[in-house]
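> Start counting the sequence shown at 859; every next residue gets the next number (the working numbering).
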Amino acid sequence: ERSESYTELSKQGKVPKSDSPQSEAYLAEYGIITDKVKGDLFVSKASKKLCEDMFNAEFEDPVYTLFPISQFLLIWNRLRTRNEFRINRDLTPLLVPSPELLFFCGYSELEHIAEEVCADFTKSKPLAGAKPRPDFSVGIAPSAFTDEEIAKLKNHSSPERATLFTDNIYFPFLLCEAKCGSQVVSIADRQNIRSSSMAVNAIVQLHQVLGDDQASAKLSGQILVFSISHTDEHVKIYGHYAIITGAKVTFYRHRIDSFNLGPGKNAGNRKKAYDFVREIYKSFYPAHLKRIQDALGQMEDPRQRAMAASMSIDQSSSQGQGSTGRSSGPNKTAGAPGFKKPDIPTGKEPSGQLSQQDEWLREQLQALVEEKAQQERRYEE
């Protein structure tokens, strides 16, 4: 069953309308700051330099498009009176190219990037309001991770500590919202900052769980996610980041650029966003993936922990079955790591069966397995 959208909640009066000034105050209550001055003030110099360098990148025009690029202005002129679905179909792919389609066109380095179109973020709890449903989301495909890394991600994940946002995307790093001419681009901005802040938070939480405050602090002020908001006439590009002060995390956006689409001096602007997004795929994505894999590399493999517990139980069981001698006093046999074996009175140990210690250990392991299974079921819901 699909969750209620932010628009549906606003109609019910549960949250402010996304095109109202009250919505920014509402987001601020949850640590999501839309203030432009603060957003430009706190972003790191390294991230600003990164964005400047990325904007200098140039790529060839797309070869496979819905219509010839030479006809862009004619199509653009028609879109002025069309709805949001037409904007998404005809214009968005020229501003935010599909990484999966690029992969099938021969860009093999994009194999492990995944995308979603109008997909709810069902696997994660929103920071504020309803679960987002971006028009276009780009993240990491499960195939980018090893089996060990996937096991660590599953062990780390919960609705409050997301890694997987949809069935197909880990850690989104590019989000897009489009609006038609009758709507203002600021609505798309507010939708983007909610979903982008969730994506930033996922990276922060992944590092916080390591217990390395210094490593978490290094993320403060660094752009970790990008977003693009656009209508048929206007485009805004943002970088999203967090300021981390101890346990407090506050989310900001830095406007990287904004420009108009259309004829005359704006005729070449359509390619600004396209080139920037291509550079995100080329240079930012590999760094984004490495940052996540480096964090996972510091985590314990949960499969080894479970295997060690199972081996300990089996070994204890074998010792219990093979032992014929009985002490006259309380049993002081050492338990498996992490468990204390109960003392068993003399003469109470069952003969030819698993000892009470082993039964107790098995119950403890089964309880851990069931608890983890319940967590995964809640996560899937």
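Glycine included, C-beta positions come from ideal geometry on N, C-alpha and C.
1) Using the rule of at least 16 other Cβ atoms within 10 Å of the residue's Cβ for burial, across every protein chain shown, is Gln1066 buried or exposed?
2) Which parts of the segment 958 to 1021 are runs of the beta strand (DSSP E), unbroken and 3 residues or longer, counting only runs that do not cross its ends?
3) Determine the closest residue to Ala904 out of Tyr1099, Gln1151, Asn1127, with distance taken between C-alpha atoms.
4) Provide the residue(s) that pair with Lys1102 in DSSP beta bridges, ordered along the chain.
5) Identify every run of the alpha helix (DSSP H) within the segment 1057 to 1088, keeping only runs that are complete inside it and at least 4 residues long; order them along the chain.
6) Which term fits Leu1077, buried or exposed, when burial requires 16 or more other beta carbons within 10 angstroms of its beta carbon?
7) So the beta strand (DSSP E) Tyr1142 belongs to, where does it begin and stop?
8) Using 10 angstroms around the beta-carbon of Thr939, count the other beta-carbons present and answer buried if the total reaches 16, otherwise exposed.
9) Spatial neighbours of His1146 within its chain, please: C-beta separation below 8 Å, excluding the five flanking residues on both sides.
10) Note down the Cα distance separating Glu1018 from Ala988, rounded to an integer number of angstroms.
11) Quick check on this structure: which residue in Gly1097, Arg1111, Tyr1110 has the alpha carbon closest to the alpha carbon of Glu910?
12) Only counting the same chain, and skipping five residues up and downstream in sequence, which positions put a Cβ closer than 6 Å to that of Asp1159?
13) Round the Cβ separation of Val954 and Phe925 to the nearest angstrom and send it over; I've been treating them as touching at under 8 Å.
14) Could you check if His1098 belongs to the surroundings of the ligand HEM, using beta carbon to heavy atom distance under 8 Å?
15) Counting only runs of 4+ residues fully inside the segment 893 to 957, write out the alpha helix (DSSP H) ranges in chain order.
16) When you compare only the Cα positions, how much space is there between Val1093 and Ser1085?
17) Mapping DSSP to helix, strand and coil, what is Ile890?
18) What do you get for Arg1161, buried or exposed, if any count of 16 or more other CB atoms within 10 angstroms of its CB means buried?
19) Apart from the five residues just before and just after His1014, which ones in its own chain have a Cβ nearer than 8 Å to its Cβ?
20) Take Ala799 as the anchor and find which of Ile1102, Val895, Glu1091, Ser1054 has the nearest alpha-carbon.
21) Round the Cβ separation of Tyr1139 and Pro957 to the nearest angstrom and send it over; I've been treating them as touching at under 8 Å.
22) With Cys1038 as the anchor, note down where its beta strand (DSSP E) starts and where it stops.
23) How would you label Cys1034, buried or exposed, when you count the other beta carbons within 10 angstroms and need 16 or more for buried?
24) Looking only at its chain, what residues have a beta carbon closer than 6 Å to the beta carbon of Asn1050, apart from the 5 residues adjacent to it on each side?
25) Any idea if Val1135 is buried or exposed, counting beta-carbon neighbours within 10 angstroms, 16 or more meaning buried?
26) Taking the C-alpha atoms as reference points, what is the distance between Cys976 and Val901?
27) Under three-state DSSP, which class holds Ile1027?
28) Residues in its own chain within less than 6 Å of Ser1054 by CB, not counting five upstream and five downstream?
29) Please classify Asn1124: does DSSP put it in a helix, a strand, or coil?
30) Any idea if Phe962 is buried or exposed, counting beta-carbon neighbours within 10 angstroms, 16 or more meaning buried?
31) Can you tell me whether DSSP reads Ser1185 as helix, strand or coil?
32) Compare the Cα-Cα distances from Arg1111 to each of Phe1142, Arg1052, Lys1123 and report the closest residue.
33) In the DSSP output, what is Asn1118 paired with across the bridge?
34) Just how far apart, CA to CA, sit Arg1048 and Leu985?
35) Quick check on Asp948: buried or exposed, where buried means 16 or more other Cβ atoms within 10 Å of its Cβ?
According to the structure shown:
1) buried
2) 971 to 975, 994 to 998
3) Tyr1099
4) Note on residue identity: the sequence assigns Ile, not Lys, to residue 1102. DSSP, once it has assigned bridges, lists Val1107 as partnering Ile1102.
5) 1071 to 1077
6) buried
7) The residue asked about is misnamed: residue 1142 is Phe in this sequence, not Tyr. Unbroken run through Phe1142: none, as it is neither H nor E.
8) exposed
9) Ile998, Phe1029, Phe1031, Leu1082
10) 14 Å
11) Gly1097
12) Glu1006
13) Wrong, their Cβ atoms sit about 17 Å apart, outside the cutoff.
14) In terms of ligand content, the structure shown is empty, and the ligand HEM therefore cannot be addressed.
15) 894 to 900, 903 to 913, 930 to 937, 950 to 953
16) 11 Å
17) strand
18) exposed
19) Thr1021, Leu1064, Val1067, Met1157
20) Residue 799 cannot be examined here, being either before or after the span of the chain that is shown, 859 to 1239.
21) 5 Å
22) From DSSP, Cys1038 is part of no beta strand (DSSP E); its letter is neither H nor E.
23) buried
24) Leu1033, Glu1035, Ser1085, Ser1087
25) buried
26) 29 Å
27) coil
28) Leu1033, Val1083, Ser1085, His1098
29) helix
30) exposed
31) Its pLDDT being 43, under 50, Ser1185 is placed unreliably by the model, and the measurement read from it follows with that caveat. The answer is coil: DSSP assigns Ser1185 none of H, G, I, E or B.
32) Arg1052
33) His1092
34) 13 Å
35) buried
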